[in-house]
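Novice: First the structure, then my questions, so here it is.
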Amino acid sequence: MSGGSIELHRLANALEPATRWSGSTGVEFTPYTAWADVRQALSNVAPVPEFTVTDQGGFLEYRSEASCVSVIVVDDEEEERGYHVGHGDIWSVSLWAPVWAN
Numbered sequence: 026m027s028g029g030s031i032e033l034h035r036l037a038n039a040l041e042p043a044t045r046w047s048g049s050t051g052v053e054f055t056p057y058t059a060w061a062d063v064r065q066a067l068s069n070v071a072p073v074p075e076f077t078v079t080d081q082g083g084f085l086e087y088r089s090e091a092s093c094v095s096v097i098v099v100d101d102e103e104e105e106r107g108y109h110v111g112h113g114d115i116w117s118v119s120l121w122a123p124v125w126a127n
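Note that our numbering has the sequence shown beginning at 26, numbered continuously upward.
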């Protein structure tokens, strides 16, 4: 397998890189991304991805085998937004693609 991960939680305390990336890509990077907002946006896309949910101890993993995406979401009720992401925010997004060995 090959793939990569985008650690969105790092944007909460790294405003300088986010500003630099925004300037070079034209994409605004917010310090927090709520999973509920992403799920709402995905509900407008056909077909809506199906996710398998797994408890990761303080996090929930939403995994879609069909689209090769895994989203880790903070699931600690006591976590609040601040220097880091809070409850219900996306911690990271991972993408993978199967690669067959020769």
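C-beta atoms are modelled at their ideal positions from N, C-alpha and C, and glycine is treated no differently.
Which residues in the same chain as Phe54 place their Cβ atom closer than 7 Å to its Cβ, once the five residues preceding and following it in sequence are excluded?
Specialist: Taken in chain order, the residues that qualify are Leu36, Ala43, Trp46, Ser47.
Novice: To the nearest angstrom, how far is the alpha carbon of Ser92 from that of Glu105?
Specialist: Whole-angstrom Cα-Cα distance: 30 Å.
Novice: Would you mind giving the Cβ-Cβ distance between Ser117 and Ser27, rounded to the nearest angstrom? I have them listed as a contact below 8 Å.
Specialist: In fact, because the Cβ distance is near 17 Å, the residues do not count as touching under 8 Å.
Novice: Is the Cβ-Cβ distance between Val98 and Gly113 less than 9 Å?
Specialist: For Val98 and Gly113, yes; Cβs fall inside 9 Å.
Novice: Does DSSP put Asp62 in a helix, a strand or coil?
Specialist: Helix, per DSSP.
Novice: List the residues that DSSP assigns as beta-bridge partners of Thr114.
Specialist: Reading the sequence as shown, one finds Asp at residue 114 and not Thr. Looking at the DSSP assignment, Asp114 forms a beta bridge with Ala59.
Novice: Pull up the CB-CB distance for Val110 and Tyr57, whole angstroms please, since I reckon it's below 8 Å.
Specialist: With a Cβ gap of about 6 Å, Val110 and Tyr57 count as contacting.
Novice: In three-state terms, what does DSSP make of Arg35?
Specialist: Three-state result, Arg35: helix.
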